[in-house]
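Participant: Shown below is the structure under consideration.
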Amino acid sequence: VQLQASGGGLVQAGGSLTLSCAASGSIFSGNDMGWYRQAPGNERELVAEITSYGSTNYAYSVRDRSTISRDIAKNTVNLQMNNLKPEDTAIYYCARRIAGRSGYDFWGQGTQVTVSS
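46 is the number of the first residue of the sequence shown in my numbering; add one for each residue after it.
Structure (structure tokens):
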């Protein structure tokens, strides 16, 4: 499995971005997918996740302005974020968790999101 994240960049506060995680091979069957982020000096935190059954879960700080989705045909997991805030600035990572297990065990490289005020 390989995960390739893209879509980051510099955006003004209030703007929007869609991050995309492209997976090699069939990634969705039996796997949950998540987006994490890590800001300088902070621990990595979960932003959003989507289970193999399509259930979603969001961090409280983004739940009203973010949508995680899967494109099965393209083998991608996308994270759309609206009304971005400077505190959303971080490196964003996509990850895989085998369904039924407790932790994410496979990570892609990150994509930088910078939100200017």
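In this text, a Cβ means the ideal position worked out from N, Cα and C, and glycines have one as well.
What do you get for residue 86, buried or exposed, if any count of 16 or more other CB atoms within 10 angstroms of its CB means buried?
Facilitator: In the sequence shown, residue 86 corresponds to position 41, counting from 1. By the 10 Å Cβ count, residue 86 comes out exposed.
Participant: Which of the three DSSP states is assigned to residue 132 in this structure?
Facilitator: By one-based count along the sequence shown, residue 132 stands at place 87. Residue 132: helix per DSSP, three-state reduction.
Participant: Within its chain, find whatever has a CB closer than 6 Å to the CB of residue 157; leave out the 5 residues flanking it on each side and keep chain order.
Facilitator: Position 112 of the sequence shown, counted from the start, is the residue given in the question as residue 157. Cβ neighbours of residue 157 beyond the five flanking positions: 53 and 136.
Participant: Starting from residue 116, follow its DSSP beta bridges and name the residues at the other end.
Facilitator: Translated into positions along the sequence shown, residue 116 becomes position 71. Partner(s): 121.
Participant: Considering only the beta carbon of each residue, do residue 50 and residue 129 sit closer than 8 Å?
Facilitator: Along the sequence shown, read from residue 1 onward, the residue named residue 50 stands at position 5. Along the sequence shown, read from residue 1 onward, the residue named residue 129 stands at position 84. Taking 8 Å as the Cβ cut-off, residue 50 and residue 129 do not qualify as a contacting pair.
Participant: Which word fits residue 46, buried or exposed, when buried means at least 16 other C-beta atoms lie within 10 angstroms of its C-beta?
Facilitator: Taking the sequence shown and counting its residues from 1, one reaches residue 46 at position 1. Exposed is the call here.
Participant: Please name the residue, chosen from 123, 99 and 104, that lies closest to residue 68 on a Cα-to-Cα basis.
Facilitator: Sequence index remark: in the sequence shown, residue 68 carries index 23 (1-based). Comparing Cα positions, the closest option is 123.
Participant: So if DSSP puts residue 157 in a beta bridge, which residue, or which two residues, is it bridged to?
Facilitator: For the purposes of this step, residue 157 is taken as residue 112 along the sequence shown, with counting starting at 1. Answer is 136.
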